[in-house]
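Q: Positions in the sequence shown are counted from 1; adding 104 to them yields my numbering.
Cβ atoms here follow ideal geometry from the backbone N, Cα and C, with glycine treated the same way.
Structure incoming, see below.
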Amino acid sequence: MTFYRQVGSVPPKRHTQHRDERGRLYYEELMGEEGFSGDSSLLYHRGLPPAIVDSRVWVLPQQRLIPNHPLQHRHLKLHDLFPDDRPDDTDVVTGRRLLLGNADVRISYVAALRESALYRNAVGDELAYIESGSGRVETVFGTLPVRQGHQVLLPRATTHRWIPDGPEPLRAYLIEGSGHITPPKRYLSKFGQFLENSPYCERDLHSPATPAEEAGEDVEVLVKHRPAGEIVGTSLVYATHPFDVVGWDGCLYPFTFDIADFEPITGRVHQPPPAHQAFEGQNFVICDFVPRKVDYHPLSIPVPYYHSNVDSDEIMFYCGGNYEARKGSGIGPGSVSVHPGGYAHGPQPGAYERSIGLDFFDELAVMVDTFRPLQLGEGALACEDPEYAWTWSGRGPTEWI
Numbered sequence: 105m106t107f108y109r110q111v112g113s114v115p116p117k118r119h120t121q122h123r124d125e126r127g128r129l130y131y132e133e134l135m136g137e138e139g140f141s142g143d144s145s146l147l148y149h150r151g152l153p154p155a156i157v158d159s160r161v162w163v164l165p166q167q168r169l170i171p172n173h174p175l176q177h178r179h180l181k182l183h184d185l186f187p188d189d190r191p192d193d194t195d196v197v198t199g200r201r202l203l204l205g206n207a208d209v210r211i212s213y214v215a216a217l218r219e220s221a222l223y224r225n226a227v228g229d230e231l232a233y234i235e236s237g238s239g240r241v242e243t244v245f246g247t248l249p250v251r252q253g254h255q256v257l258l259p260r261a262t263t264h265r266w267i268p269d270g271p272e273p274l275r276a277y278l279i280e281g282s283g284h285i286t287p288p289k290r291y292l293s294k295f296g297q298f299l300e301n302s303p304y305c306e307r308d309l310h311s312p313a314t315p316a317e318e319a320g321e322d323v324e325v326l327v328k329h330r331p332a333g334e335i336v337g338t339s340l341v342y343a344t345h346p347f348d349v350v351g352w353d354g355c356l357y358p359f360t361f362d363i364a365d366f367e368p369i370t371g372r373v374h375q376p377p378p379a380h381q382a383f384e385g386q387n388f389v390i391c392d393f394v395p396r397k398v399d400y401h402p403l404s405i406p407v408p409y410y411h412s413n414v415d416s417d418e419i420m421f422y423c424g425g426n427y428e429a430r431k432g433s434g435i436g437p438g439s440v441s442v443h444p445g446g447y448a449h450g451p452q453p454g455a456y457e458r459s460i461g462l463d464f465f466d467e468l469a470v471m472v473d474t475f476r477p478l479q480l481g482e483g484a485l486a487c488e489d490p491e492y493a494w495t496w497s498g499r500g501p502t503e504w505i
């Protein structure tokens, strides 16, 4: 993040003695990015942060990826992966199903009712969109309440656990970077403040209000890391609880952002996808499409024009509302569309004409555009609608062979 926070007990000056009521030193941990030349925070622990008593292999959920070949548009029906009548034995960390990925970003989906283990992603930042349900994310910085519509940003190497708290499963769409996920640079001043023309600002970002301060011994933390290119897992057992933090300060911390607080940028004619951008990562961007007034030129066509993003794969997660451009495709809430770069896509047949005269779109979606091709994970293969690629033409391959 770009603005300073102070939570709990910290000394007046950094890197100086900080003691408890009995005179014992707290242990300062500097958590910093980019070789400590970027954003950072200082956390004050009761125990030694690196003290572990065991290290062993943790076998990750299926990580294999296969090419999108032969090339085609795809429709993934995510709710088929976790039907409502499934056993209640899934958690957000170990139950996530890999949909798509490349060297820069991986996209997964999960529906969970069970508390997760403590977890740390040492590969990159994670952004989770909460499709439905509620709960909390307990982190080394403190607790974040989460609910439907929240986007949860967890910086790389933030130890945390997910705790659903309602009768309905917590359904989350997870975007895992190989680096950092930040607000777009064009929304920020040279000193990091949100500009007046940005679609959200510091007031919309909510970080933990109190420190973690949890005790315990021999505590397991699952760690995802990449020692030699391949993503693997390790289970570390800490001598004292990682959440033994009495205070922290700095500009690096987890936060939530409610998609309802994204203020859409509209115009007289159809606005291109960068108008919807909410975050950026290494070789990918994240856009939020929210209910909004649409084009008001007297001759406007409100749905998107047919387009071919020659540099990007476009991945759209449909979260709620009605999708004027996609009627007749089978897409609805819980769907993901996969449109590869260099291959035109756009409204379904008839939608272009039907949109003329509309002045409002009631739709909610999260889009990821990647600048390197995505491959397919086991979750995508398990929930694909095989008819989607032919919905523009109305006939499949067996009809012309």
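Find the nearest neighbour of D415 within the set G461, P444, P437 and I156, judged by alpha-carbon distance.
A: Of G461, P444, P437 and I156, the residue nearest in Cα terms is P444.
Q: Mind checking whether G483 and L180 have CB atoms under 9 Å apart?
A: Yes, they are a contact pair.
Q: Would you check if the segment 452-467 and the segment 147-166 touch, i.e. whether three or more CB-CB distances between them fall below 8 Å?
A: Taking 8 Å as the limit for Cβ pairs, the verdict is that the segment 452-467 does not touch the segment 147-166.
Q: List in chain order: all unbroken alpha helix (DSSP H) runs of 4+ residues lying wholly within the segment 415-473.
A: Segments of the alpha helix (DSSP H) lying fully in the segment 415-473: 455-458.
Q: Give every residue of the same chain whose Cβ lies closer than 8 Å to the Cβ of L292, excluding the five residues on either side of it in the sequence, and list them in chain order.
A: Excluding positions up to five away in sequence, the list reads T106, F298, L299 and S302.
Q: Check whether the segment 378-394 touches the segment 405-412, counting contact only when three or more Cβ pairs, one atom from each stretch, lie closer than 8 Å.
A: No: the two stretches stay apart, fewer than three of their Cβ pairs being nearer than 8 Å.
Q: Kindly indicate which three-state DSSP category H380 falls into: helix, strand or coil?
A: Helix, per DSSP.
Q: Is the separation between the beta-carbon of T338 and that of G320 shorter than 9 Å?
A: Not in contact: T338 and G320 (Cβ atoms no closer than 9 Å).
Q: Would you tell me roughly how many angstroms separate the C-alpha atoms of F388 and P153, rounded to the nearest one?
A: If I take the Cα positions, the gap works out to 33 Å.
Q: With which residues is R240 paired in a DSSP beta bridge?
A: P249 and I267.
Q: Round the Cβ separation of N225 and E280 to the nearest angstrom and send it over; I've been treating them as touching at under 8 Å.
A: Confirmed, Cβ separation roughly 6 Å.
Q: For R201, count the other beta carbons within 10 Å of its own beta carbon; 16 or more makes it buried, fewer makes it exposed. Which is it?
A: Under this definition R201 is a buried residue.
Q: Does the beta-carbon distance from E133 to R118 come in below 9 Å?
A: No, the Cβ-Cβ distance between E133 and R118 is not below 9 Å.
Q: Can you tell me the Cα-Cα spacing of I234 and E272, whole angstroms?
A: Rounded to whole angstroms, I234 to E272 spans 12 Å at the Cα level.
Q: Taking the CB atoms as reference points, tell me whether I285 and I211 lie closer together than 9 Å.
A: Not a contact, by the Cβ cut-off of 9 Å.
Q: What distance in whole Å lies between the Cβ atoms of L169 and G354, which are believed to be in contact at a cut-off of 8 Å?
A: Going by Cβ atoms, the distance from G354 to L169 rounds to 35 Å, so no, they are not a contact pair.
Q: Considering just the uninterrupted stretch of the alpha helix (DSSP H) at C487, what are its terminal residues?
A: Looking at the DSSP string, the run of the alpha helix (DSSP H) that includes C487 is E482 to C487.
Q: Once you ignore the five residues that flank H183 on each side, which residues in its own chain have a CB closer than 6 Å to its CB?
A: So the qualifying residues of the chain are G438.
Q: Find the nearest neighbour of E428 within the set G446, I419, R396 and N413, judged by alpha-carbon distance.
A: Nearest of G446, I419, R396 and N413 to E428, Cα basis: R396.
Q: Within the continuous beta strand (DSSP E) that includes Y108, where are the two ends?
A: Note, Y108: premise wrong, no beta strand (DSSP E); not H, not E.
Q: What do you reckon, are the CB atoms on P358 and T243 nearer than 9 Å?
A: Yes, they are a contact pair.
Q: If you draw a straight line from the C-alpha of L309 to the C-alpha of T502, how long is it?
A: Rounded to whole angstroms, L309 to T502 spans 51 Å at the Cα level.
Q: Would you mind sorting E230 into buried or exposed? The rule is 16 or more other CB atoms within 10 Å of its CB.
A: Label assigned to E230: buried.
Q: Where do the ends of the beta strand (DSSP E) carrying E132 lie?
A: First-last of the beta strand (DSSP E) with E132: Y131 to G136.
Q: Once DSSP output is grouped into helix, strand and coil, what is the label at E230?
A: Strand, per DSSP.
Q: Taking 9 Å as the threshold (C-beta atoms), are L480 and D417 in contact?
A: No; because the gap between Cβ atoms is not below 9 Å, this pair is not in contact.
Q: Could you pull out every residue in the same chain whose Cβ sits closer than 6 Å to the Cβ of R275, ignoring the five residues on either side in sequence?
A: Once the five neighbours on either side are set aside, the close Cβ partners of R275 are A215, E235, S236 and G237.
Q: Three-state secondary structure (DSSP) at A493?
A: Helix, per DSSP.
Q: I'd like to check one pair, L278 with V350: are the Cβ atoms closer than 9 Å?
A: Contact: no.
Q: Should Y447 be listed as close to the ligand MN, given that the test is whether its C-beta is under 8 Å from any heavy atom?
A: This structure simply doesn't include the ligand MN, nor any ligand for that matter.
Q: Give me the Cα-Cα distance between H264 and V323, rounded to the nearest whole angstrom.
A: When rounded, the distance between both Cα atoms is 12 Å.
Q: May I ask which residues mark the beginning and end of the beta strand (DSSP E) holding E324?
A: Run containing E324: E321 to H329, per the beta strand (DSSP E) assignment.
Q: Taking the C-alpha atoms as reference points, what is the distance between G446 and A364?
A: For G446 and A364, the distance between alpha carbons rounds to 32 Å.
Q: Pop quiz: G432 and Y492 are said to be a contact at Cβ under 8 Å. What is the actual Cβ separation, rounded to whole angstroms?
A: About 11 Å; that fails the 8 Å criterion.
Q: Write down the C-beta distance between A221 and L340 rounded to the nearest angstrom, noting that I regard them as a contact closer than 8 Å.
A: Actually they do not touch by this definition, with Cβ atoms about 11 Å apart.
Q: Measure the alpha-carbon distance for H380 versus C487 and round it to whole angstroms.
A: When rounded, the distance between both Cα atoms is 27 Å.
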